[in-house]
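Below you'll find the structure, written out as structure tokens, and then a few comments.
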């Protein structure tokens, strides 16, 4: 029996976990598979091993493992496969396939445009747009974020969109903000390329609050969240993982 295991990043923040689970429930409705479970890579439960156990106990014979990730990095290439390979030792009779992160997609860039518009603030001619990525050790992360920034600049008709990262890459979020402030622009839009809320969003909000006095107008836009295009994009990745004929090997 076919099953789907969604692997989300995980967070210590209860609201983040609830948001991720609610999002996945929307995807469940679009996938014609009875057995579907969500687990977390770290910082929350159930973990991957528990998620797999639950599906096997319900009769799963084939499990499509779907990473709930925006971009390809260490979690996709190493952490998730390593955990699944451990399960293969215990369940050699189960056929595991592996999906892909969402990657760079035009419809996701359009969500960023919407998040800018949702502020309800008209952009000044000298406004700075600061795209904030989570960051990661893989060079694919920086290439992807830079590509997204370029596509966003074209869509909103600005010369360029600045990028920065919350971890593992430079410029850091603090550095990106300082460069934007020193530019002399009177208006800065901070645009997080993050799926769900959590500590990272909270830290950005706090930093912006600290800098709000005596500095340009700094506006924190919404994250990607449960936008319908996000639901559709992940649903498509699920279908691809189910149809994938290449088994994840031990």
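In the working numbering, the protein residues as written are 4 to 253. Note that beta-carbon positions come from the ideal geometry of N, C-alpha and C, so glycine has one too.
CA nearest to the CA of residue i, picked from the options
| i | options | result |
| --- | --- | --- |
| residue 134 | 31, 12, 224, 245 | 224 |
| residue 7 | 62, 15, 19 | 62 |
| residue 116 | 251, 25, 153 | 153 |
| residue 29 | 236, 252, 246, 15 | 236 |
| residue 4 | 38, 12, 243, 56 | 38 |
| residue 151 | 204, 179, 114, 186 | 114 |
| residue 94 | 110, 60, 45, 118 | 60 |
| residue 3 | 201, 221, 159 | There is no way to answer for residue 3, as the model of the chain reaches only from 4 to 253. |
| residue 231 | 16, 12, 33 | 33 |
| residue 216 | 22, 189, 204 | 189 |
| residue 241 | 36, 180, 13, 205 | 36 |
| residue 172 | 211, 58, 136 | 136 |
| residue 187 | 219, 208, 234, 197 | 219 |
As assigned by DSSP and simplified to three states, the class of residue i
| i | result |
| --- | --- |
| residue 26 | helix |
| residue 35 | coil |
| residue 180 | helix |
| residue 59 | helix |
| residue 6 | strand |
| residue 69 | strand |
Distance between beta carbons of residue j and residue i, contact taken as under 8 Å
| i | j | result |
| --- | --- | --- |
| residue 164 | residue 156 | 5 Å |
| residue 132 | residue 161 | 6 Å |
| residue 68 | residue 10 | 6 Å |
| residue 250 | residue 98 | 6 Å |
| residue 19 | residue 176 | Wrong, their Cβ atoms sit about 18 Å apart, outside the cutoff. |
| residue 195 | residue 168 | With a Cβ gap of about 11 Å, residue 195 and residue 168 do not count as contacting. |
| residue 43 | residue 229 | With a Cβ gap of about 17 Å, residue 43 and residue 229 do not count as contacting. |
| residue 47 | residue 144 | With 8 Å as the limit, residue 47 and residue 144 do not qualify as a contact, their Cβ atoms being about 22 Å apart. |
If we require 3 or more residues per run, which beta strand (DSSP E) segments fall completely within the stretch 79 to 150?
Unbroken beta strand (DSSP E) runs of no fewer than 3 residues, entirely contained in the stretch 79 to 150, are found at 98 to 101, 131 to 136, following chain order.
Which complete alpha helix (DSSP H) runs does the stretch 186 to 234 hold, if anything under 4 residues is left out?
You should have 202 to 214.
Between the stretch 97 to 106 and the stretch 64 to 84, can you find at least three pairs of beta-carbon atoms closer than 8 Å?
The stretch 64 to 84, when compared against the stretch 97 to 106, does touch it at the 8 Å Cβ threshold.
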